[in-house]
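**Q** Got a structure here, written out as structure tokens. Questions coming.
Residue numbers (full-length UniProt numbering): 1 to 581.
Here you go:
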């Protein structure tokens with residue numbers, strides 16, 4: 001008995017059971033690993049586990065509660081456009097997801113990186129028409145760079161990593177991740193490990209162009225007598241503004257921009273000749289038919305630039321520098337395609353091009369400028385008869401802000417006037433909806449831009465029709481204390497549609513006149529300061545009040561009801577048929 005008592009019991013060491021996180025917490029960790037700071041979202045049933053996890057990360061992730069999912073998408077676009085990083089949206093299933101569709105389509109055509117995270121019903125309910133189930137994958141497949149449905153929590157790290165890589169690399173664009181509620185709730189069966197995606201076998205965007213393409217482009221440029229640079233949004237996406245300036249100054253070639261290419265180069269630069277398109281400047285449009293070599297950089301020759309593409313630049317050789325090979329020869333045939341990032345392409349071209357001046361050629365543009373000034377610009381800015389004109393408001397705003405603000409514009413006449421009369425002095429200063437032409441874009445996009453660029457002044461230019469599509473986002477602006485300034489140019493019309501009905505449909509104004517609410521009372525209801533300006537003599541003071549106000553401010557300016565935007569290339573016409581009146 002004594003011997004038995006002296007035997008020590010065997011000690012068995014046990015390791016604690018592993019603690020794995022669920023899919024929702026894995027998503028939070030993945031977003032932080034990607035450097036995400038801000039999320040624009042709206043909660044709901046199918047995304048509630050993610051919002052529950054987000055509660056634990058409020059000190060690391062700034063979630064901004066919008067008033068409508070479309071507002072989340074446009075705010076994320078504004079954020080992405082000024083930062084160059086993917087904007088992040090977080091919404092629920094069904095209508096929450098479908099409300100994002102407009103913003104996703106807008107982001108795709110304007111090459112804006114978004115990562116849209118959408119809740120979905122539980123895996124076992126897929127395909128049963130469960131409450132708020134929608135085939136978001138099918139709906140968004142044509143308007144995303146990539147979409148994926150997560151049904152297993154273990155997929156979260158890898159899929160989120162791929163999503164950010166695809167959204168931000170090559171030609172940027174929106175990505176959508178549909179995550180089932182069951183995947184949000186279930187535990188991972190392995191440790192959370194996050195590796196940033198660097199490459200994919202099936203997706204390899206070319207950044208550095210082929211040397212033989214660059215050399216061929218340089219040869220064509222050096223031999224040109226009347227070369228002409230057309231700059232699109234791709235130069236700013238590539239952050240190649242300095243390279244463009246160096247290239248243009250060495251070669252002496254005049255530069256025009258597309259709508260989204262505006263602010264790539266200061267408007268007072270001696271080589272800048274204006275902007276292209278249906279309502280662009282007179283000379284830049286007409287002179288495309290006189291160039292012998294067109295150097296198109298980061299632009300896609302869309303119909304607003306070309307007019308009738310069958311008659312566009314038939315006399316010129318074309319060098320097309322573009323990161324997306326699908327855009328090469330899609331509309332205009334390239335004699336020399338240069339597939340690659342604009343920054344890399346310009347750096348490769350710079351040592352190969354010869355110094356030149358092209359003064360005589362550049363002076364040809366100025367002759368058209370003189371005609372445009374005499375026919376359109378001066379009368380619009382000096383006519384003191386009748387109500388205030390949109391041009392006066394933008395011109396005065398430009399002067400007061402010294403061309404340094406970020407301008408966020410909606411779609412229509414006010415958009416074109418803003419592009420005509422704001423004198424941009426800093427790069428990446430115009431945020432607008434280009435290819436999709438989305439009414440309601442400006443107010444939420446301005447908010448997102450202000451969040452992304454807190455050190456810059458953001459001014460939204462909005463029409464009275466556009467404003468009423470997303471005006472609820474005034475609440476988002478006020479709740480988040482963002483100092484966005486918004487100007488409504490109110491003509492009580494859907495102005496651009498009315499202009500077309502006047503010019504091409506014998507003034508048969510079909511459902512374009514608006515009976516508007518009291519916008520300033522609405523703004524004050526949200527807690528935003530504002531005022532209305534009706535008299536020209538009060539415009540300067542009203543703009544000063546807006547710009548100097550500490551916080552958000554809405555300024556409504558009552559403008560001429562039937563003002564038209566010229567120049568104008570009629571639909572189906574060639575750029576040579578541009579109208580001055």
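By construction, the Cβ of each residue, glycine as well, lies at the ideal position given by its N, Cα and C atoms.
In this text, all values refer to a predicted model and were calculated from it rather than measured experimentally.
Whole alpha helix (DSSP H) runs in the stretch 87 to 127 with 4 or more residues, listed along the chain?
**A** 95 to 98 and 101 to 109
**Q** Verify whether the separation of the beta carbon atoms of residue 236 and residue 355 is less than 8 angstroms.
**A** no
**Q** Using the three-state DSSP reduction, which class does residue 1 fall into: helix, strand or coil?
**A** Residue placement at residue 1 cannot be trusted, given a pLDDT of 44 that sits under 50; what the coordinates show is reported in the next sentence. When DSSP states are grouped into helix, strand and coil, residue 1 belongs to the coil group.
**Q** Provide the residue span of the alpha helix (DSSP H) that contains residue 350, from first to last.
**A** First-last for residue 350: undefined, no H or E at that position.
**Q** Return the residue from the list 35, 397, 453 and 58 that minimises the CA-CA distance to residue 161.
**A** 35
**Q** At what residues does the alpha helix (DSSP H) containing residue 521 begin and finish?
**A** 519 to 526
**Q** Can you pull the DSSP bridge partners for residue 463?
**A** According to DSSP, residue 463 shares a beta bridge with 489.
**Q** Can you check which of these residues, 509, 275, 78 and 528, is closest to residue 421 by C-alpha distance?
**A** 275
**Q** Please go through the same chain and pick out, in chain order, the residues whose beta-carbon is closer than 6 angstroms to the beta-carbon of residue 423, but skip the five residues on each side of it.
**A** 267, 398 and 403
**Q** State buried or exposed for residue 498, treating a residue as buried only when at least 16 other CB atoms are found within 10 Å of its CB.
**A** Burial call: buried.
**Q** Leaving out five residues on either side along the sequence, give the residues of the same chain with a beta carbon under 6 angstroms from the beta carbon of residue 471.
**A** Nothing listed; no residue qualifies.
**Q** Could you name each continuous beta strand (DSSP E) segment of 3 residues or more that falls completely within the stretch 419 to 456, going from the start of the chain to the end?
**A** Entirely contained in the stretch 419 to 456, the beta strand (DSSP E) runs reaching 3 residues are, in chain order, 430 to 432.
**Q** What is the DSSP secondary structure of residue 206, counted as helix, strand or coil?
**A** coil
**Q** Would you decide whether residue 285 is buried or exposed? Buried here means 16 or more other CB atoms lie within 10 Å of its CB.
**A** buried
**Q** According to DSSP, simplified to helix, strand and coil, what is residue 568?
**A** The answer is strand: DSSP assigns residue 568 an E or B state.
**Q** Going by beta carbon distance, what residues of the same chain come within less than 6 angstroms of residue 2, once the five residues before and after it are set aside?
**A** Unreliable placement is indicated for residue 2, whose pLDDT of 48 sits below 50; the coordinate value is still reported in the next sentence. The answer is none, since no qualifying residue turns up.
**Q** With distances taken Cα to Cα, identify the nearest neighbour of residue 24 among 222, 502 and 182.
**A** Out of 222, 502 and 182, 182 has the C-alpha closest to the C-alpha of residue 24.
**Q** Would you call the stretch 328 to 339 and the stretch 200 to 218 in contact, with 3 or more CB pairs under 8 angstroms?
**A** yes
**Q** Using a Cβ-Cβ cutoff of less than 8 angstroms, which residues in the same chain neighbour residue 462 once the five nearest sequence positions on both sides are dropped?
**A** 409, 410, 414, 442, 443, 486, 487, 488 and 489
**Q** What does a CB cutoff of less than 8 angstroms around residue 469 pick up in its chain, not counting 5 residues either side in sequence?
**A** 439 and 440
**Q** Per the DSSP calculation, residue 579 is bridged to which residue(s)?
**A** 568
**Q** Could you spell out the range, first to last residue, of the alpha helix (DSSP H) harbouring residue 49?
**A** 48 to 54
**Q** What are the boundary residues of the beta strand (DSSP E) that residue 532 is part of?
**A** 529 to 533
**Q** Can you give me the start and stop residues for the alpha helix (DSSP H) that residue 251 sits inside?
**A** 241 to 251
**Q** Suppose you measure from the CA of residue 492 to the CA of residue 304; what does that come to, to the nearest Å?
**A** Near 26 angstroms, if we compare the C-alpha coordinates of residue 304 and residue 492.
**Q** Determine the contact status of residue 343 and residue 186, defining contact as a CB-CB distance below 8 angstroms.
**A** no
**Q** Tell me the residue span of the beta strand (DSSP E) that contains residue 149.
**A** Per DSSP, residue 149 is one residue of the beta strand (DSSP E) stretching across 146 to 150.
**Q** For the beta strand (DSSP E) that residue 293 lies in, which residues bound it at each end?
**A** 293 to 297
**Q** If you reduce the DSSP assignment to three classes, tell me which class residue 308 lands in.
**A** Here residue 308 sits in coil by DSSP.
**Q** Assess, as a yes-or-no matter, whether the stretch 530 to 550 is touched by the stretch 362 to 374 under the definition of 3 or more beta carbon pairs within less than 8 angstroms.
**A** no
**Q** How long is the line joining the alpha carbons of residue 142 and residue 178, rounded to whole angstroms?
**A** 15 angstroms
**Q** If you follow the alpha helix (DSSP H) that residue 25 is part of, which residue opens it and which one closes it?
**A** Its alpha helix (DSSP H) spans residues 23 to 33.
**Q** Comparing C-alpha positions only, which one of 88, 76, 330 and 31 sits nearest to residue 60?
**A** From the listed residues 88, 76, 330 and 31, the smallest Cα separation to residue 60 is found for 31.
**Q** Exposed or buried, which one is residue 574 when buried takes at least 16 other CB atoms within 10 Å?
**A** buried
**Q** In angstroms with no decimal places, state the Cα-to-Cα distance between residue 198 and residue 190.
**A** 23 angstroms
**Q** Return the chain-ordered list of same chain residues with a C-beta closer than 8 angstroms to the C-beta of residue 150, the five sequence neighbours on each side being excluded.
**A** 23, 156, 159, 177, 178, 179, 180 and 183
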